[in-house]
Amino acid sequence: MTQFRPCIDLHQGKVKQIVGGTLRDDGPGPRENFVASAGAGEFAGMFRGDQLTGGHVIKLGPGNDEAAREALAAWPGGLQIGGGIHSGNAREWLDAGASHVIVTSWLFEDGRFSEDRVKELVEKIGASRLVIDLSCRRTAQGWTVAMDRWQTLTDLDVTSATLDRLAPWCDEFLIHAADVEGLCGGIDGELVSMLGAWGGRPMTYAGGAASMADVEKVQVLSGGTVDVTVGSALDIFGGSGVRYGELVSWNRR
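The sequence shown begins at 11 in the working numbering and counts up by one.
This is the structure we're talking about:
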């Protein structure tokens with residue numbers, strides 16, 4: 011059955027909800043839907059109190075390490091951590107309380123997927139502690155993994171064959187649909203259907219969920235094999251489409 015998994019997105023040390031496609035290393039900052047007054051630890055503590063496991067903390071750029079550590083300390087073993095993770099620091103973040111590390115960009119060299127890098131990471135921490143993030147954008151090929159905070163397309167398309175290839179090296183997949191991330195315009199149903207038809211590893215879909223109908227749609231389209239996160243539409247992040255309490259109840263049904 012599809013479960014709700016919480017998220018804590020960090021940008022410049024604050025919990026934020028942003029429009030994913032507006033992240034840039036140069037030019038104006040990203041379009042922000044919400045900036046929390048509460049710290050990352052407060053959100054993590056709430057998720058802990060409601061026994062929401064398997065959520066993720068994503069560091070969007072520099073200046074977020076302190077806030078990330080605060081979240082992990084508030085819910086040790088209950089959250090995954092992503093953003094700037096590589097073989098040299100993965101163990102450090104697991105020791106800080108993360109259940110898993112989430113990795114995208116470091117698995118690529120000059121935009122090309124590196125088997126050597128994923129093998130190096132697995133040797134350091136084991137496949138059981140690794141989540142591979144296949145954040146992707148719509149392309150002529152269907153969906154293509156985008157690295158560097160969704161700015162740079164890689165040589166890796168999101169297909170059943172790709173999932174088969176990567177599955178032995180990870181415990182889970184996280185899939186951000188970057189083109190709809192933060193827009194509250196509905197999920198990418200075609201992507202969810204494709205992921206659900208594969209179903210070879212636990213996976214979480216993120217992007218565009220605007221209502222409980224979208225959460226239900228993920229369950230239907232994936233046959234209950236894909237979990238979902240809700241960001242900008244959620245009331246605790248300033249949204250009006252979904253109430254946090256509804257999602258907690260959904261998980262307990």
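Heads up, the beta-carbon is just placed ideally off N, CA and C, and yes, glycines get one too. Bear in mind the structure is a predicted one, so any value in this text is a computation, not a measurement.
Enclosing beta strand (DSSP E) for residue i [first to last residue]
i: leucine 257; result: Careful: leucine 257 lies outside any beta strand (DSSP E), inside the alpha helix (DSSP H) at 254-262.
i: valine 230; result: No beta strand (DSSP E) holds valine 230; the alpha helix (DSSP H) holding it covers 222-232.
i: isoleucine 185; result: 182-186
i: valine 25; result: 24-28
i: isoleucine 18; result: 17-21
i: isoleucine 112; result: 110-113
i: threonine 235; result: Counting along the chain, threonine 235 falls outside any beta strand (DSSP E), and DSSP gives it neither H nor E.
Residue i in three-state terms, based on DSSP
i: glycine 195; result: coil
i: methionine 56; result: helix
i: leucine 104; result: helix
i: valine 202; result: helix
Integer-rounded CB distance, given that residue j should sit under 8 Å from residue i
i: tryptophan 160; j: arginine 139; result: Not really, about 24 Å apart at Cβ, beyond 8 Å.
i: glycine 71; j: histidine 21; result: 6 Å
i: serine 232; j: valine 202; result: 5 Å
i: threonine 63; j: glutamine 229; result: In fact, because the Cβ distance is near 18 Å, the residues do not count as touching under 8 Å.
i: isoleucine 142; j: leucine 176; result: 6 Å
Own chain partners of residue i with C-beta closer than 7 Å, once the 5 adjacent residues on each side are dropped
i: glutamate 133; result: none
i: alanine 100; result: Val111, Leu131, Lys134 and Ile135
i: alanine 267; result: In the structure as shown, the chain starts at 11 and stops at 263, and residue 267 therefore has no counterpart that could be examined.
Same chain only: Cβ atoms within 6 Å of residue i, ignoring 5 sequence neighbours per side
i: glycine 37; result: Note that glycine 37 has pLDDT 48, beneath the 50 cutoff, so the model's placement of it is unreliable and the number below is only indicative. Around glycine 37: no qualifying Cβ.
i: valine 128; result: Leu117 and Trp179
i: aspartate 158; result: Ser115
i: glycine 217; result: His186, Ala187, Val190 and Glu191
i: valine 168; result: Leu144, Cys146 and Trp153
Cβ shell of residue i (< 8 Å), same chain only, five flanking positions each side left out
i: methionine 213; result: Glu182, Phe183, Leu184, Ile185, Leu205, Thr235, Val236 and Asp237
i: aspartate 245; result: Val252, Arg253 and Tyr254
Limits of the alpha helix (DSSP H) - the one that residue i falls within
i: threonine 172; result: 170-176
i: arginine 265; result: Coverage of the chain is limited to positions 11 through 263, which leaves residue 265 absent and any answer about it impossible.
i: valine 128; result: 125-135
(message) Count Cβ pairs between the region 65-79 and the region 41-48 that sit closer than 8 Å; are there 3 or more?
(response) Because the criterion of three Cβ pairs below 8 Å is not met, the region 65-79 and the region 41-48 do not touch.
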